[in-house]
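In the numbering used here, the protein residues as written are 15 to 337.
Backbone N, C-alpha and C fix where the C-beta goes; we use that ideal spot for every residue, glycine too.
Predicted model only: the values in this text are computed from it and were never measured.
One structure is given below, encoded as structure tokens.
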Amino acid sequence: MTESTKVLVTGGAGFIGSHLVTGLLDNGYSVAVVDDLSSGQLRNLDHRATFYHAPINDQKVKQIIQREGPEIIFHLAAQSSVRQSTLDPVTDADSNVLGTIRLLDAAASEGVEKIVFSSTGGAIYGNPDTIPCDEDTPVNPLTPYALSKYVSELYLELFYRTYGLQYTILRYANVYGPGQDPNGEAGVIAIFAGLMLRGRSPNIYGDGLQERDFVYVSDIVEANLAAMHRGDGRIYNISAGEPVTINRIYSLLQECTEFRQEPVYRPRRAGEVLKIALDHSRATQELGWEPKIPLEEGLGHSVDYVREASVRRSARARFGANR
15 MTESTKVLVT GGAGFIGSHL VTGLLDNGYS VAVVDDLSSG QLRNLDHRAT
65 FYHAPINDQK VKQIIQREGP EIIFHLAAQS SVRQSTLDPV TDADSNVLGT
115 IRLLDAAASE GVEKIVFSST GGAIYGNPDT IPCDEDTPVN PLTPYALSKY
165 VSELYLELFY RTYGLQYTIL RYANVYGPGQ DPNGEAGVIA IFAGLMLRGR
215 SPNIYGDGLQ ERDFVYVSDI VEANLAAMHR GDGRIYNISA GEPVTINRIY
265 SLLQECTEFR QEPVYRPRRA GEVLKIALDH SRATQELGWE PKIPLEEGLG
315 HSVDYVREAS VRRSARARFG ANR
């Protein structure tokens, strides 16, 4: 495999996917992207990539694989809202399970060498007895979204045993960083930052003592790059490995934004994981990967991004009004 390797990124216009696309291009790879833009945005995408507009469960994806001939596929496309998966589990499964099966079937038939799959460590283990949990911790999906990711993992293993399609599974903790939508349903750090910068108190669902493991998006990119050449047939937690309460995140973001108001506490949402942190020592030992961006530094970058994005939106609005 050389630096001119052709790769395909599904969901490449999304938050994580767009960062990965740029990272791959900067390392000399030829990158094609498939995205239906249901949550991703074309303006996020590096102009050097070849873009195809298609949902992951569309037959068109096989034609794209035939045309591009990728050696590796990074599979990030998914219905990623936990809340929406609970409201509409059929659509969630159609995208996340059937879409994955279609992709694997096309990849196996077209001679793709490997799939690097973006799974969820933040949801797949449920509420584990021991924290931080490693990859041998029993899975316990509490939502259709988490279950769909686990079922997709099983299909990856099946396609390897049956068709020889190689894979590596990356189970992410809670990913954050520049590019995350402050107006979206997921991404508590971006949402909190966006509201605080507008002078509005964010909602905290539950008592705020829920613990999460936050990993910066550039560290996720590095994990994907490492998995291109190593980790065949393996599952890896990709995390900071340090549990942090939502109340603590709120306090740290108050410092970054100089926001003084208290949060609005709401009833806890069904299916929410109470405490989770992931042991990433296997990824360190086998992939040579470890997180590099400390939480406080990452929060500062995230707030700067949200602030700058707000300024750009205001400028565009003024320009439009004056035309």
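Which residue comes first and which comes last in the beta strand (DSSP E) that contains Ile252? Taken as a continuous stretch (DSSP letters only), the beta strand (DSSP E) holding Ile252 covers Ile249 to Ile252.
Just mark Tyr164 as buried or exposed, buried being the case when its beta carbon has 16 or more other beta carbons within 10 Å. Burial check for Tyr164: the Cβ neighbour count within 10 Å reaches 16 or more, so the residue is buried.
From Asn72 to Arg81, what distance separates their C-alpha atoms? It should be noted that the sequence gives Asp, not Asn, for residue 72. Rounded to the nearest angstrom, the two C-alpha atoms are 15 Å apart.
Whole-angstrom distance between Asp233 and Ala207, CA atom to CA atom: Approximately 21 Å, taken between the alpha carbons.
Quick check: the Cα distance between Thr151 and Asn251, rounded to an integer number of angstroms? Rounded to the nearest angstrom, the gap between the Cα atoms of Thr151 and Asn251 is 11 Å.
Proximal residues to Ala107 (C-beta, below 6 Å), its chain only, five neighbours per side dropped: The beta carbon of Ala107 is closer than 6 Å to those of Ser162 in its chain, skipping five residues each way along the sequence.
Length of the line joining the Cα atoms of Asn41 and Tyr279: Looking at the two C-alpha atoms, the distance is approximately 45 Å.
Is it the case that the stretch 242-251 contacts the stretch 166-185, given that we only count it when at least three CB pairs across the two stretches are under 8 Å? Under the three-pair Cβ rule at 8 Å, the stretch 166-185 counts as touching the stretch 242-251.
By DSSP, does Leu156 sit in helix, in strand, or in coil? Three-state result, Leu156: coil.
Enumerated in chain order, which unbroken segments of the beta strand (DSSP E) with a length of 3 residues or greater are wholly contained in the stretch 258-300? Whole beta strand (DSSP E) segments, 3+ residues: 278-280.
Taking Leu223 as the reference, give the member of Leu266, Thr259 and Asn141 with the closest Cα. Of Leu266, Thr259 and Asn141, the residue nearest in Cα terms is Thr259.
Which two residues bound the contiguous alpha helix (DSSP H) that contains Val235? That run of the alpha helix (DSSP H) goes Val231 to Ala241.
As assigned by DSSP and simplified to three states, the class of Tyr186: Note: Tyr186 maps to strand in three-state DSSP.
To the nearest whole angstrom, what separates the beta carbons of Gly351 and Pro142, a pair I think is in contact under 8 Å? Residue 351 cannot be examined here, being either before or after the span of the chain that is shown, 15 to 337.
Buried versus exposed call for Ala284 [16 or more other C-beta atoms within 10 Å across all chains shown]: Per the 10 Å Cβ criterion, exposed.
Check Lys306 in the structure and name its three-state DSSP category. Coil at Lys306, not helix or strand.
Would you grab the beta carbon distance between Pro216 and Ala204 for me? Rounded to a whole angstrom, and I think it's under 8 Å. Not really, about 11 Å apart at Cβ, beyond 8 Å.
Supposed close pair Glu310, Leu266 - CB separation, criterion 8 Å: Right, their Cβ atoms sit about 7 Å apart.
Please go through the same chain and pick out, in chain order, the residues whose beta-carbon is closer than 7 Å to the beta-carbon of Gly302, but skip the five residues on each side of it. Within the same chain, Gly302 has close Cβ partners Ala240.
Coil, strand or helix - Thr24 by DSSP: Note: Thr24 maps to strand in three-state DSSP.
Which ranges does the alpha helix (DSSP H) cover as unbroken runs of at least 4 residues, wholly within the stretch 94-176, from first to last along the chain? Complete alpha helix (DSSP H) runs here, min 4: 96-101, 103-107, 113-123 and 135-138.
Between Val96 and the rest of its own chain, which residues show a CB-CB distance below 6 Å, the 5 nearest in sequence each way excluded? Result list for Val96: Thr157 and Tyr159, in chain order.
If you drop the 5 nearest sequence neighbours on each side, which residues of the same chain put their C-beta closer than 6 Å to that of Ser99? Only residues of its own chain outside the window of five on either side were considered, and among them Asp106, Thr157, Pro158 and Tyr159 have a CB closer than 6 Å to the CB of Ser99, listed in chain order.
Look up Asn58 in the DSSP assignment and say whether it is helix, strand or coil. Correct three-state label for Asn58: helix.
Under the three-state DSSP convention, the category Asp49 falls into: Asp49 falls in the strand class under three-state DSSP.
CB of Val45 within 9 Å of CB of Ala63, strictly: Cβ distance < 9 Å, so Val45 and Ala63 count as in contact.
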